[in-house]
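S.K.: Residue numbers (this note's numbering), protein chains in the order written: chain A, 2 to 144; chain B, 2 to 144. Structure below; questions to follow.
Number of protein chains: 2
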Amino acid sequence: MSHGMAIGKASEATGVKVPTIRYYEQIGLLPPPPRTEGNRRTYDRKDADRLTFIRHSRELGFEIDQIRTLLSLQDRPGQSCGEADAIAKARLVEVKEKITSLKALEAELERMVEGCSHGRVESCQVIEILADHGKCKHHQHDT
Amino acid sequence: MSHGMAIGKASEATGVKVPTIRYYEQIGLLPPPPRTEGNRRTYDRKDADRLTFIRHSRELGFEIDQIRTLLSLQDRPGQSCGEADAIAKARLVEVKEKITSLKALEAELERMVEGCSHGRVESCQVIEILADHGKCKHHQHDT
DNA sequence: CCTACATCCTCCAGTGGCTATAGGAGCAAG
DNA sequence: CTTGCTCCTATAGCCACTGGAGGATGTAGG
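Right under this line is the structure:
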């Protein structure tokens, strides 16, 4: 009765690509599902839910290892959610920092682009700011 | 007379790590410098400037191939800076988009963390929102 | 001159999180 | 029965580095 679906259907249902699903199985994030006679993976509702959970977590920028922790917490509902809370809070801090850093970056790029007089490279603000770090206002930014 | 420096000094002077300098040489971003009798790389002021240019560009999030283009533009000062301008503009758009996307992410993480009553996992907003994509307000976000 | 020790060299493997390709097997419809 | 789709495994590639092994060279002190 259990309406098992093939990997393609699971992919469609969850938005996780087929090779990615196999990859998640390989790294132990998704348990190896039962196979059909013809050796094909069959997934059920629970697997799909797990994949959705993973996808959403990845979209929020959690690392695989953090997702591993979050999943194991989900499996034991009676436990305190302090750890989940801590992971989410840490990610929130990261995101806030990245926003700050990207805003500095945005400001500098804007300065570069606005300063471009569309003339020759020799007087181009874009090139000049890149070349001369002293003309750069901010000090620490990453991707 | 040319005050050539060893790779370690070049690294110190530019903030680019030693293995990264060698890597840039390997991929053709930095020209192979002359060597001493003992086979050690010696860099001059121009090389250091180039490394600084590269580092700064990387900090602003430009890809290696874009930096390749920017460097080749710098080498030919008489040319129009339209291409440099276009690269910077494209990056600016990317950065703006990323900021928007991270703000959506920030909002959702905040909702998760605020909703956490510090009780059991079974009633934890953090886990619940991750599990149920329907509870998610936004639709498209990346790292 | 000899000994430590820092710095340098090359080569190769690993990181994260997938993504793509090759080469084949199974399955459903016409 | 054939066409064409989906599936399987295994392996390699992506980006931009980073680290380690194992050995050569340079330098400062005794």
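C-beta: ideal position from N, C-alpha, C; glycine also.
Using alpha carbons as the reference points, say which of B:G79, B:E129 and B:G83 lies closest to K112 (chain B).
M.R.: The question names Lys, yet the displayed sequence has Arg at residue 112 (chain B). It is B:E129 whose Cα lies nearest to the Cα of R112 (chain B).
S.K.: I need the straight-line Cα distance from A89 (chain A) to L93 (chain B), nearest angstrom please.
M.R.: The alpha-carbon atoms of A89 (chain A) and L93 (chain B) are separated by roughly 29 Å.
S.K.: Output, in chain order, the set of chain B residues within a Cβ distance shorter than 8 Å of K100 (chain A).
M.R.: At residue 100 (chain A) the sequence reads Ile, which differs from the Lys that was named. Chain B residues near I100 (chain A): I100, L103, K104 and E107.
S.K.: Hey, quick one: how far does the alpha helix (DSSP H) through F54 (chain B) stretch, first residue to last?
M.R.: Per DSSP, F54 (chain B) belongs to the alpha helix (DSSP H) from R46 to E60.
S.K.: Determine which residues of the region 24 to 47 of chain B have a Cβ less than 7 Å from any Cβ of chain A, and write them out in chain order.
M.R.: The residues in question: there are none.
S.K.: If we require 3 or more residues per run, which beta strand (DSSP E) segments fall completely within the region 50 to 128 of chain B?
M.R.: Entirely contained in the region 50 to 128 of chain B, not one beta strand (DSSP E) run reaches 3 residues.
S.K.: If you follow the alpha helix (DSSP H) that V19 (chain A) is part of, which residue opens it and which one closes it?
M.R.: First-last of the alpha helix (DSSP H) with V19 (chain A): V19 to Q27.
S.K.: Just checking: is the beta-carbon of D86 (chain B) within a distance shorter than 8 Å of some beta-carbon in chain A?
M.R.: For D86 (chain B), the answer is yes, since a Cβ of chain A falls inside 8 Å of its Cβ.
S.K.: In the DSSP assignment, find the alpha helix (DSSP H) that holds G9 (chain B) and state where it starts and stops.
M.R.: Note, G9 (chain B): alpha helix (DSSP H), I8 to T15.
S.K.: State the Cα-Cα distance for the pair I22 (chain A) and E38 (chain A), rounded to the nearest angstrom.
M.R.: If I take the Cα positions, the gap works out to 20 Å.
S.K.: Short of 8 Å Cβ to Cβ, which residues in the region 64 to 86 of chain A face chain B?
M.R.: Listed by position, the residues of the region 64 to 86 of chain A near chain B (Cβ gap below 8 Å) are L71, L74, Q75, R77, P78, G79, Q80, S81, C82, G83, A85 and D86.
S.K.: Looking at chain A, is there any beta carbon in it that lies within less than 8 Å of the beta carbon of R92 (chain B)?
M.R.: So, interface residue.
S.K.: Establish whether the CB of S12 (chain B) and some CB of chain A are separated by less than 8 Å.
M.R.: S12 (chain B) does not count as touching chain A.
S.K.: Looking only at its own chain, which residues have a Cβ that is under 8 Å from the Cβ of C117 (chain A), when we skip the five neighbours before and after it?
M.R.: So the list reads C125, Q126 and V127, once near-sequence residues are dropped.
S.K.: Taking contact to mean 3 or more Cβ pairs, one atom from each stretch, closer than 8 Å, check whether the region 43 to 58 of chain B and the region 7 to 20 of chain B are in contact.
M.R.: The answer is yes - the region 7 to 20 of chain B touches the region 43 to 58 of chain B, with three or more Cβ pairs under 8 Å.
S.K.: Buried or exposed for I65 (chain A), going by 16 or more other Cβ atoms inside 10 Å?
M.R.: Classification for I65 (chain A): exposed.
S.K.: If we call anything under 8 Å between Cβ atoms a contact, is G79 (chain A) one with H119 (chain B)?
M.R.: Not in contact: G79 (chain A) and H119 (chain B) (Cβ atoms no closer than 8 Å).
S.K.: Under 8 Å between the Cβ atoms of A85 (chain A) and V122 (chain B)?
M.R.: Yes. Within cutoff.
S.K.: From I68 (chain A) to I8 (chain A), what does the alpha carbon distance come to, in whole angstroms?
M.R.: Near 21 Å, if we compare the C-alpha coordinates of I8 (chain A) and I68 (chain A).
S.K.: Taking Cβ positions only, does V122 (chain B) come closer than 8 Å to chain A?
M.R.: Interface residue, yes.
S.K.: Which value, in whole angstroms, describes the spacing of the CA atoms of I100 (chain A) and L61 (chain B)?
M.R.: Cα to Cα, I100 (chain A) sits roughly 14 Å from L61 (chain B).
S.K.: Using the beta-carbon count (16 or more within 10 Å), is I28 (chain A) buried or exposed?
M.R.: Exposed.
S.K.: Note down, in chain order, every chain A residue with its Cβ under 7 Å from the Cβ of L110 (chain B).
M.R.: Result: L61, A89, R92, L93 and V96.
S.K.: Of all the options B:I55, B:K97 and B:D133, which has the alpha carbon lying nearest to the alpha carbon of D133 (chain A)?
M.R.: Nearest of B:I55, B:K97 and B:D133 to D133 (chain A), Cα basis: B:I55.
S.K.: Since L103 (chain B) and V96 (chain A) are thought to touch, with beta carbons under 8 Å apart, how far apart are those beta carbons, to the nearest angstrom?
M.R.: At roughly 6 Å, the Cβ-Cβ gap stays under 8 Å, so L103 (chain B) and V96 (chain A) are in contact.
S.K.: Of the residues A:L131, A:A87 and A:E107, which one's Cα is nearest the Cα of E115 (chain B)?
M.R.: For the residues A:L131, A:A87 and A:E107, the minimum Cα distance to E115 (chain B) belongs to A:A87.
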